[in-house]
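S.K.: Numbering (the numbering used here), first residue to last: 693 to 781.
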Ligand code: FES
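Listed below in structure tokens is the structure:
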């Protein structure tokens, strides 16, 4: 088994996430702090099923979703992703 030395970031590219900002998040090379690019491994993934439990009262439960080191985060955008990943290192 291959050993991972970088934390994994999964960017959901299921339909709900893709049309609500996930497509922009795939351009992470353009907006992330370069230091973060070296510390994390990024991959697009199919629907994480979180979009099926959207709660209008909870902005965090809205697409697009990203999973960082196994933890789900909603309502993602470029600034928020930079901050969350910076907090991880
Ligand atoms: S499309 Fe992203 S969680 Fe379903």
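Every residue, glycine too, gets a C-beta built ideally from N, C-alpha and C.
Nothing here was measured: the structure is a model prediction, and the numbers come from that model.
1) What ranges does the alpha helix (DSSP H) occupy inside the segment 696-755, keeping only unbroken runs of at least 4 residues that lie completely in it?
2) Using 10 angstroms around the beta-carbon of residue 703, count the other beta-carbons present and answer buried if the total reaches 16, otherwise exposed.
3) List the DSSP bridge partners of residue 759.
4) Closest to residue 755 by CA distance: which of 763, 767, 748 and 745 is it?
5) My understanding is that residue 701 touches residue 723, with C-beta atoms under 8 Å, so please give their C-beta distance in whole angstroms.
6) Can you tell me whether residue 708 sits near the ligand FES, meaning its C-beta is under 8 Å from at least one heavy atom of the ligand?
M.R.: Let me lay it out:
1) 720-723 and 726-731
2) Numbered from 1 along the chain shown, position 11 holds the residue referred to as residue 703. Residue 703 should be labelled buried.
3) Residue mapping note: residue 759 aligns to position 67 of the chain shown, counting from 1. DSSP lists 702 and 764 as partners of residue 759.
4) Along the chain shown, read from residue 1 onward, the residue named residue 755 stands at position 63. Out of 763, 767, 748 and 745, 767 has the C-alpha closest to the C-alpha of residue 755.
5) The residue given as residue 701 occupies position 9 in the chain shown. The residue given as residue 723 occupies position 31 in the chain shown. Not really, about 13 Å apart at Cβ, beyond 8 Å.
6) The sequence position of residue 708 within the chain shown is 16, counting from 1. True, at least one ligand heavy atom lies under 8 Å from that Cβ.
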